[in-house]
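Worksheet: one structure, shown below.
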Amino acid sequence: MPHERRSGQRHAVLLSVKLRHSGEEGRLCRVHNLAPEGMLLENNSNLLRIGTEIELQVSWNDQTWNIPAVVTHCNSNCIGVMFSKRQLEFYRAVTKPPESYDRPIKIAGI
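Quick note on numbering: the sequence shown equals residues -16 to 93 in the working numbering.
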C-alpha cells in the first residue's frame, strides 16, 4: 500500500475529529490540515503503528461523516492518516468559505 497518494496541497482547517481504533472509546484530535485523501492530526496521546486501521468521526454544520482510514505517519506531535477512499464531499464541505462570504457587505448609510 502506498503511503502517499495526495493529489494536491493540504488545506489548513479549524476542525476536531474523534479518532477510534481497536474498539477504543475514541479520543478527540485537532486537525492541522486536510486533503481529499487524508489529514494530519495533532497527537498528544499514545503512538499508533503505521498501518493501524482507524475510524474518524467528524461533525460539521449538522452533518456527520464516519471515515475509515489508515495511519501513515505517527510521532509524539502528529498523526498522518490516509482515508480508505477519497473524501471529496467532506473536503469541499469543510474547506469552502462560509456562505456569508458570498454575500455583499452592507455598510450603514450607503
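By construction, the Cβ of each residue, glycine as well, lies at the ideal position given by its N, Cα and C atoms.
(1) Per DSSP, what kind of secondary structure is LEU31 in: helix, strand or coil?
(2) Kindly say whether GLN46, judged by its beta-carbon, lies nearer than 9 Å to any beta-carbon of chain D.
(3) What residues in its chain sit with their C-beta under 7 Å from that of MET22, if we drop five residues either side in the sequence?
(4) Report all residues from its chain with a CB closer than 6 Å to the CB of ARG3; omit the five preceding and five following residues, and keep chain order.
(5) Flag this pair as yes or no: are the beta carbons of CYS12 and LEU30 separated by less than 9 Å?
(6) Tell me, please, which residues DSSP counts as bridged to SER42.
(7) Please name the residue, chosen from LYS79, ALA(-5), THR78, that lies closest to GLU25 on a Cα-to-Cα basis.
(8) Would you list the one or two residues that DSSP bridges to LYS1?
Checking against the coordinates, here is how it stands:
(1) coil
(2) The displayed structure is made up of one protein chain only, and chain D is not part of it.
(3) Closer than 7 Å at Cβ, skipping near neighbours: VAL14, ASN16, VAL64.
(4) GLY9, GLU38
(5) no
(6) DSSP, once it has assigned bridges, lists THR47 as partnering SER42.
(7) ALA(-5)
(8) LEU11, GLN40
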